[in-house]
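In the numbering used here, the protein residues as written are 485 to 602.
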């Protein structure tokens with residue numbers, strides 16, 4: 485089975501955390517509650533779930549949804565594209581797209597919440 489990993493953006497604390505566990509509603513499969521370091525279970529609405537792409541950047545760092553990747557001096561954001569049911573790289577202005585497999589040619593420089601290049 486493929487590994488499934490998440491990190492979460494804590495909307496209240498304004499920081500990225502690695503959750504201990506996530507529970508999902510058994511009928512809708514929507515996130516229900518999240519357990520993060522230093523806190524017991526909290527409602528999932530306090531967090532934005534960011535899924536691992538299954539890929540790593542040029543340094544071997546896991547790449548998650550929302551990460552900003554620098555490839556050849558161009559910044560791309562990792563987003564989930566519903567129409568193809570997969571992750572893609574999109575330039576913030578939306579003009580350029582790249583195949584998700586190109587992640588290995590670049591490095592993470594931030595994410596959509598923290599350290600995003602301007």
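Backbone N, C-alpha and C fix where the C-beta goes; we use that ideal spot for every residue, glycine too.
Based on DSSP bridge pairs, tell me the residues matched to residue i.
i	result
residue 554	559, 591
residue 614	In the structure displayed, the chain extends from 485 to 602; residue 614 sits before or after that span and is not available.
residue 543	Per DSSP, none; premise fails for residue 543.
Cβ of residue i less than 7 Å from any chain D Cβ?
i	result
residue 599	Here there is only one protein chain, and chain D is not present.
Cβ of residue i within 7 Å of Cβ of residue j?
i	j	result
residue 550	residue 598	no
residue 519	residue 505	yes
residue 515	residue 533	yes
residue 555	residue 578	no
residue 572	residue 581	yes
residue 587	residue 563	no
residue 491	residue 502	yes
residue 517	residue 507	yes
Go to residue i, then tell me how far its beta strand (DSSP E) extends in each direction, as first and last residue.
i	result
residue 584	Note, residue 584: premise wrong, no beta strand (DSSP E); not H, not E.
residue 505	505-508
By DSSP, does residue i sit in helix, in strand, or in coil?
i	result
residue 517	strand
residue 529	helix
residue 599	coil
residue 570	strand
residue 512	coil
residue 578	coil
residue 538	strand
Measuring only the C-alpha atoms, how far is residue i from residue j?
i	j	result
residue 561	residue 500	16 Å
residue 536	residue 530	19 Å
residue 585	residue 546	13 Å
residue 528	residue 495	10 Å
residue 538	residue 544	11 Å
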